[in-house]
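Visitor: My questions will all concern the structure given below.
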Amino acid sequence: MSVIYVLLAISIVIAVLFFIAFIRAVKSGQYDDDYTPSVRMLFDDELVKPKTNKTIKKN
Amino acid sequence: MEQNSCFHCGDACTAEHVVFDDKDFCCNGCKTVYEIFSENDLTCYYDLQQAPGATPKEIQGKYDYLSDTSIIEKLTEFDDGKHQIATLSIPHIHCSSCIWILENLNKLNPNITLSQVNFGKKTVRITYKSEFFSLKEAVLLLSKIGYEPYISLEDFTTGKNKVNRSLIYKLGIAGFAFGNVMFLSFPEYFEVGEFWLEQYKPVFRWLMFAFSLPVVFYASQDYFIAAYKGLKSKLLNIDIPIALGILVLFVRSTTEIILDLGTGFFDSLTGLVFFLLLGKYFQQKTYAFLSFERDYKSYFPIAVTKISNGSELSIQVYDIKKGDRLLIRNEELIPVDGILINGMANIDYSFVTGESEAVRKISGDKLFAGGKQTSGSIEMEALNAVEQSYLTQLWSNDVFNKNKQESFTTLTNAISKRFTIAVLGIATIATLFWLVVDSSKALNVFTAVLIIACPCAIALSAPFTLGNLLRIFGKLKFYLKNASVIEQLAKIDTIVFDKTGTITSNAKSETAYHGETLSISEEALLTSTLRHSNHPLSRSLYDVLQKNNIVTLDHFEEHLGQGIFGTFDNQSIKIGSANYVGQPQTEKKLKTAVHISTNKGYKGKFTFYNAYREGLSQLFNKLKKEYDLVILSGDNASETDNLKKLLPTKTKLIFDQKPNDKLEYIKHHQKNGANILMVGDGLNDAGALAQSNVGIAISENINVFSPACDAILDATKFSQLYSYLKASKTAIQIIKWSFAFSFFYNAIGLYFAVTGQLMPVVAAILMPLSSISIVVFTTIATNILGRKLK
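Protein sequence lines, in the order shown, are assigned to chains A and B. Here the first sequence is numbered in this note's numbering, starting from 1 and rising by one per residue. Here the second sequence is numbered in this note's numbering, starting from 60 and rising by one per residue.
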């Protein structure tokens with residue numbers, strides 16, 4: 001058994017793993033909305049404010 | 060007087076200017092939203108975008124039906140007894156502030172565990188603890204902060220629709236296989252006779268074969284299906300040579316590696332499928348937040364309040380029976396035809412006719428489904444079930460079940476017919492030639508011709524040209540349902556316009572005053588009184604009048620549905636309907652008018668005219684050279700003279716058309732060979748829009764309503780219609796040029812194929828090269844075209 005078979009096997013296994021990751025990402029709906037996440041990631045920076053943990057809401 | 064704009068919604072602060080926390084608000088509603096946000100540390104909302112909010116509307120009792128478990132069940136997508144998940148459509152979502160506030164709903168109510176916005180679709184998906192919180196409370200909370208969800212009958216019937224992601228999977232698989240096969244076939248491109256490479260050739264080849272299997276049998280199955288369908292209906296579409304090419308590539312490559320003749324063309328095969336799917340993906344991308352398939356269901360509410368034995372009861376719209384007493388609240392839609400029993404009915408039929416002025420009805424009058432009540436609550440008796448209403452019956456017409464695209468032959472398919480015949484001809488001739496000269500090469504040549512002639516570049520021309528133009532149009536606020544609409548637009552020879560709401564503007568109206576001239580003090584009193592009223596007519600009248608000498612009134616009264624009354628300094632004024640000011644209604648009511656009387660008697664009236672859209676005459680004058688123009692209006696002929704002045708003389712003017720008449724008119728002319736573009740706006744045009752070759756809906760606000768159509772045009776871009784039509788024609792030219800381009804590549808490829816010297820490496824270079832150069836050419840060409848458009 002030559003080393004090339006080992007290398008091929010490893011490379012294909014890794015490629016297939018990435019492929020499965022892609023399929024799962026699509027399935028979970030990550031590709032359904034390609035705009036909102038780009039806005040969402042900008043929010044956290046602007047929220048750095050010492051907050052008193054008062055999230056009580058009057059109804 | 061200085062005009063301040065509202066800190067929350069950005070509107071001008073006029074009638075009830077509220078100052079709170081050193082900030083200006085146009086009304087109490089806006090102030091309340093601000094209060095809620097500031098109490099909960101959510102004022103960041105206003106930092107992200109200036110004045111992002113909307114004024115919350117009166118919603119008392121409107122969502123009572125959401126307590127009904129059967130309705131909740133329809134609207135939620137997940138329910139395990141403890142948690143519920145519901146996706147609500149919110150038309151107001153328009154900026155980053157909206158995303159921020161809606162994803163921070165848990166700060167307003169801790170029972171909401173998660174809320175996630177999809178900006179493209181304008182929806183928010185909320186997860187909440189159903190033990191402590193209900194869908195109704197969630198909807199009320201959203202409405203309270205100005206994000207009123209839009210819940211229609213459509214949500215009820217479609218339920219949970221599955222998203223189709225198969226194209227992305229296919230694209231992923233093809234791309235994955237393409238990359239790996241390229242990698243594996245690389246050593247053989249250079250034909251290095253190195254010992255170890257020779258040793259492992261079979262392994263590499265069989266691996267390539269393995270990678271190509273999912274590509275042929277999964278990723279490219281659409282092409283086989285389409286080719287089969289084409290053959291069955293005796294249509295030589297573009298999918299036939301593609302499917303043939305894929306099949307021949309696969310069979311020949313497999314045979315080659317089995318018999319150890321060569322490497323085969325697995326690299327070209329996977330690359331071809333990858334590029335084709337890429338084109339398909341590019342073309343398929345559409346506007347998720349717009350719906351082009353709307354029928355009356357997306358306009359109608361899910362439930363309505365029924366009055367039985369003196370108690371109010373929420374029932375589903377489909378359960379309405381003849382004779383039911385229904386309560387229609389302010390801002391609610393009338394779901395069925397019926398008779399008004401009591402209350403002040405002021406019905407806005409703008410969804411139906413495009414006419415924005417509300418119509419007064421008195422008890423005993425007939426009410427038609429689709430109208431929206433605009434002042435107070437009314438009671439009505441249903442005359443029939445929902446499906447049998449005057450308006451909804453239009454949808455039983457066959458045109459709504461027809462698929463326009465299927466009956467249309469695209470340019471690509473038209474060309475592919477000749478192309479397929481030519482390719483098969485060349486293949487046969489070349490094979491016959493080699494049978495005579497050197498029969499061992501005959502089969503080789505036959506398959507090589509089919510492989511190299513696989514019309515990858517041709518198949519990509521249209522998707523990339525039209526797909527790119529679709530995007531350019533989208534940026535210019537002309538939204539197309541799909542790319543093939545552009546091809547149909549290029550073929551149009553007749554344009555039919557609806558009048559009200561299409562060539563006239565809903566937002567703007569012109570006024571004229573008839574009667575005694577008002578004194579300065581009377582004018583001041585008039586404007587000051589109008590300033591207090593929120594009625595749409597008062598607001599538009601107030602906007603056109605000069606605002607000087609605003610005085611503080613001593614007394615003000617608003618009589619819902621009739622008029623307003625104001626006094627100042629011993630002077631009093633009545634503004635409103637003819638009856639209200641004590642003037643007998645003399646002329647037949649063709650136009651909307653506001654009458655005015657003071658304590659000194661009747662003064663006169665302001666008449667409202669529809670204002671025609673800007674650039675209307677210029678547009679028609681440009682269009683008349685190339686198209687037949689028709690105005691098809693549901694209104695009476697009162698505007699004929701005005702229109703004749705504005706429009707080119709050869710424009711046909713046809714009035715008093717019922718929705719079905721419009722449909723029949725278009726059908727009739729199509730039979731005589733006309734390709735008709737219908738431009739309309741209301742639900743009454745829905746039949747005509749569906750029947751026409753291309754139906755364009757004009758919309759003042761693209762997020763709100765437009766009937767089923769092929770394209771939605773923002774009203775501000777109406778005057779650009781001509782240049783868009785022209786651009787469509789140019790796009791067809793671009794496609795033709797790129798066809799010529801790809802024929803050139805095919806000729807080179809055919810030379811190699813016919814002479815029997817097609818090497819895998821030649822195919823592997825030629826195929827991607829032709830595809831990429833076509834993509835580059837069409838993209839650049841359409842971008843140049845797009846830059847010329849405004």
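Built from N, CA and C at the ideal position, the CB exists for glycine as well. Because the structure is a prediction, the values reported are computed rather than measured.
For the beta strand (DSSP E) that residue 64 of chain B lies in, which residues bound it at each end?
Guide: Within the second sequence, numbered from 1, the residue matching residue 64 of chain B stands at position 5. Per DSSP, residue 64 of chain B belongs to no beta strand (DSSP E) and is neither H nor E.
Visitor: Consider the C-beta atom of residue 241 of chain B and the heavy atoms of the ligand NAD; say whether any pair is separated by less than 7 Å.
Guide: In terms of ligand content, the structure shown is empty, and the ligand NAD therefore cannot be addressed.
Visitor: Quick one: any contact between the segment 473–483 of chain B and the segment 277–284 of chain B, if contact means 3 or more CB pairs under 8 Å?
Guide: no
Visitor: Using 8 Å as the limit for Cβ to Cβ distance, is residue 14 of chain A near chain B?
Guide: Looking up residue 14 of chain A in the first sequence gives position 14. Chain B, which has no Cβ nearer than 8 Å to the Cβ of residue 14 of chain A, makes this no.
Visitor: Can you confirm whether residue 176 of chain B, when its beta carbon is compared against all beta carbons of chain A, has any partner nearer than 8 Å?
Guide: For the purposes of this step, residue 176 of chain B is taken as the residue at position 117 of the second sequence. At least one chain A Cβ lies under 8 Å of residue 176 of chain B.
Visitor: What residues from chain B crowd round residue 20 of chain A, counting only those whose CB sits closer than 8 Å?
Guide: On the first sequence, residue 20 of chain A is found 20 positions in, with the first residue counted as 1. Contacts between residue 20 of chain A and chain B, judged by CB atoms closer than 8 Å, are missing: the closest CB pair is about 10 Å apart.
Visitor: What separation, rounded to the nearest whole angstrom, lies between the Cα atoms of residue 24 of chain A and residue 134 of chain B?
Guide: Position 24 of the first sequence holds residue 24 of chain A. Position 75 of the second sequence holds residue 134 of chain B. If you take the alpha carbons of residue 24 of chain A and residue 134 of chain B, they lie about 27 Å apart.
Visitor: In the structure shown, what three-state DSSP assignment does residue 717 of chain B receive?
Guide: Walking along the second sequence from the start, residue 717 of chain B turns up at place 658. It is coil, neither helix nor strand.
Visitor: For residue 210 of chain B, return the contacting residues in chain A, with the cut-off set at a CB-CB distance below 7 Å.
Guide: For the purposes of this step, residue 210 of chain B is identified with residue 151 of the second sequence, where counting begins at 1. By Cβ distance, chain A contributes nothing, its closest Cβ being about 21 Å from residue 210 of chain B, past 7 Å.
Visitor: I'd like the span of the beta strand (DSSP E) that includes residue 94 of chain B, first residue to last.
Guide: Here residue 94 of chain B is taken as the residue at index 35 of the second sequence, counted from 1. Note, residue 94 of chain B: premise wrong, no beta strand (DSSP E); alpha helix (DSSP H) at 87–98.
Visitor: Taking Cβ positions, are residue 752 of chain B and residue 731 of chain B nearer each other than 8 Å?
Guide: On the second sequence, residue 752 of chain B is found 693 positions in, with the first residue counted as 1. On the second sequence, residue 731 of chain B is found 672 positions in, with the first residue counted as 1. Result no, Cβ atoms of residue 752 of chain B and residue 731 of chain B do not sit closer than 8 Å.
Visitor: Beta-carbon of residue 24 of chain A versus every beta-carbon of chain B: anything under 8 Å?
Guide: The sequence position of residue 24 of chain A within the first sequence is 24, counting from 1. Taking Cβ atoms only, chain B never reaches closer than 8 Å to residue 24 of chain A, which makes this a no.
Visitor: Jot down the residue ranges of each uninterrupted alpha helix (DSSP H) in the segment 414–439 of chain B, minimum 4 residues, whole runs only, in chain order.
Guide: none
Visitor: Note down the Cα distance separating residue 330 of chain B from residue 271 of chain B, rounded to an integer number of angstroms.
Guide: Mapped onto the second sequence, residue 330 of chain B falls at position 271. Mapped onto the second sequence, residue 271 of chain B falls at position 212. Rounded to whole angstroms, residue 330 of chain B to residue 271 of chain B spans 10 Å at the Cα level.
Visitor: Please identify, using Cβ separations under 8 Å, the residues of the segment 140–158 of chain B that lie next to chain A, in order along the chain.
Guide: 155, 158
Visitor: Residue 655 of chain B and residue 632 of chain B look like a contact to me (Cβ under 8 Å); what is the Cβ gap, rounded to whole Å?
Guide: Walking along the second sequence from the start, residue 655 of chain B turns up at place 596. Walking along the second sequence from the start, residue 632 of chain B turns up at place 573. Taking the Cβ atoms as the reference, residue 655 of chain B lies roughly 7 Å from residue 632 of chain B, within the contact range of under 8 Å.
Visitor: Measuring CA to CA, which of B:109, B:68, B:108, B:104 is closest to residue 90 of chain B?
Guide: Taking the second sequence and counting its residues from 1, the one referred to as residue 90 of chain B is at position 31. Of B:109, B:68, B:108, B:104, the residue nearest in Cα terms is B:68.
Visitor: Would you identify the three-state DSSP class for residue 403 of chain B, choosing helix, strand or coil?
Guide: Numbered from its first residue, the second sequence carries residue 403 of chain B at position 344. DSSP places residue 403 of chain B in coil when its eight states are reduced to three.
Visitor: Among the candidates B:664, B:158, B:362, whose CA atom is the shortest distance from the CA of residue 40 of chain A?
Guide: The residue given as residue 40 of chain A occupies position 40 in the first sequence. The option with the nearest alpha carbon to residue 40 of chain A is B:158.
Visitor: By the three-class DSSP mapping on this structure, what secondary structure does residue 512 of chain B have?
Guide: Within the second sequence, residue 512 of chain B is the residue found at index 453, counting from 1. Three-state result, residue 512 of chain B: coil.
Visitor: Please identify the residue among B:842, B:433, B:407, B:611 whose C-alpha is closest to the C-alpha of residue 580 of chain B.
Guide: One-based indexing of the second sequence puts residue 580 of chain B at position 521. With distances taken between Cα atoms, residue 580 of chain B lies closest to B:611.
Visitor: Do residue 233 of chain B and residue 324 of chain B have their beta-carbon atoms positioned less than 8 Å apart in this structure?
Guide: Within the second sequence, the letter at position 265 stands for residue 324 of chain B. Within the second sequence, the letter at position 174 stands for residue 233 of chain B. No, they are not a contact pair.
Visitor: Report, in whole angstroms, the separation of the C-beta atoms of residue 145 of chain B and residue 136 of chain B, which I expect to be a contact under 8 Å.
Guide: Reading the second sequence from its first residue, position 86 is the one you call residue 145 of chain B. Reading the second sequence from its first residue, position 77 is the one you call residue 136 of chain B. Sure, about 7 Å apart at Cβ, within 8 Å.
Visitor: When Cβ atoms are compared, which residues of the segment 32–46 of chain A fall closer than 7 Å to chain B?
Guide: Of all residues in the segment 32–46 of chain A, only 32, 33, 35, 36, 39, 40, 43, 46 come within less than 7 Å of chain B when Cβ atoms are compared, listed by chain position.
Visitor: In the DSSP assignment, the alpha helix (DSSP H) including residue 364 of chain B goes from what residue to what residue?
Guide: Position 305 of the second sequence holds residue 364 of chain B. Premise fails: residue 364 of chain B lies in the beta strand (DSSP E), 362–367, not in any alpha helix (DSSP H).
Visitor: Which residues in the same chain have their Cβ closer than 6 Å to the Cβ of residue 93 of chain B, if we skip the five residues on either side of it in sequence?
Guide: Walking along the second sequence from the start, residue 93 of chain B turns up at place 34. Excluding residues within five positions, the ones whose Cβ falls inside 6 Å are 67.
Visitor: With 8 Å as the threshold, decide whether the Cβ of residue 601 of chain B is near any Cβ in chain A.
Guide: Counted from its first residue, the second sequence places residue 601 of chain B at position 542. Not one chain A Cβ lies under 8 Å of residue 601 of chain B.
Visitor: Start and end of the beta strand (DSSP E) containing residue 174 of chain B?
Guide: In the second sequence, the residue the question calls residue 174 of chain B occupies position 115. Its beta strand (DSSP E) spans residues 171–177.
Visitor: To the nearest whole angstrom, what separates the beta carbons of residue 385 of chain B and residue 364 of chain B, a pair I think is in contact under 8 Å?
Guide: Taking the first residue of the second sequence as position 1, residue 385 of chain B is located at position 326. Taking the first residue of the second sequence as position 1, residue 364 of chain B is located at position 305. Confirmed, Cβ separation roughly 7 Å.
Visitor: So residue 525 of chain B and residue 342 of chain B are in contact, right, with Cβ under 8 Å, and what is the actual spacing, rounded?
Guide: Counted from its first residue, the second sequence places residue 525 of chain B at position 466. Counted from its first residue, the second sequence places residue 342 of chain B at position 283. Confirmed, Cβ separation roughly 6 Å.
Visitor: From residue 11 of chain A to residue 257 of chain B, what distance separates their C-alpha atoms?
Guide: Numbered from 1 along the first sequence, position 11 holds the residue referred to as residue 11 of chain A. Numbered from 1 along the second sequence, position 198 holds the residue referred to as residue 257 of chain B. If I take the Cα positions, the gap works out to 21 Å.
Visitor: Near residue 108 of chain B, what residues of its chain come up, given a Cβ to Cβ distance below 7 Å and the 5 sequence neighbours on each side ignored?
Guide: Position 49 of the second sequence, counted from the start, is the residue given in the question as residue 108 of chain B. So the list reads 154, 155, 156, once near-sequence residues are dropped.
Visitor: State the beta-bridge partners of residue 616 of chain B as determined by DSSP.
Guide: Position 557 of the second sequence, counted from the first residue, corresponds to residue 616 of chain B. DSSP, once it has assigned bridges, lists B:624 as partnering residue 616 of chain B.
Visitor: Under the DSSP definition of a beta bridge, which residues are partnered with residue 555 of chain B?
Guide: One-based indexing of the second sequence puts residue 555 of chain B at position 496. The partner list for residue 555 of chain B (beta bridge, DSSP) reads B:689, B:737.
Visitor: Going by CA-CA distance only, name the one from B:589, B:600, B:516, B:604 that's closest to residue 623 of chain B.
Guide: The residue given as residue 623 of chain B occupies position 564 in the second sequence. With distances taken between Cα atoms, residue 623 of chain B lies closest to B:589.
Visitor: Would you list the residues sitting across from residue 127 of chain B in a DSSP beta bridge?
Guide: Here residue 127 of chain B corresponds to residue number 68 of the second sequence, with the count starting at 1. For residue 127 of chain B, which the question treats as bridged, DSSP gives no partner whatsoever.
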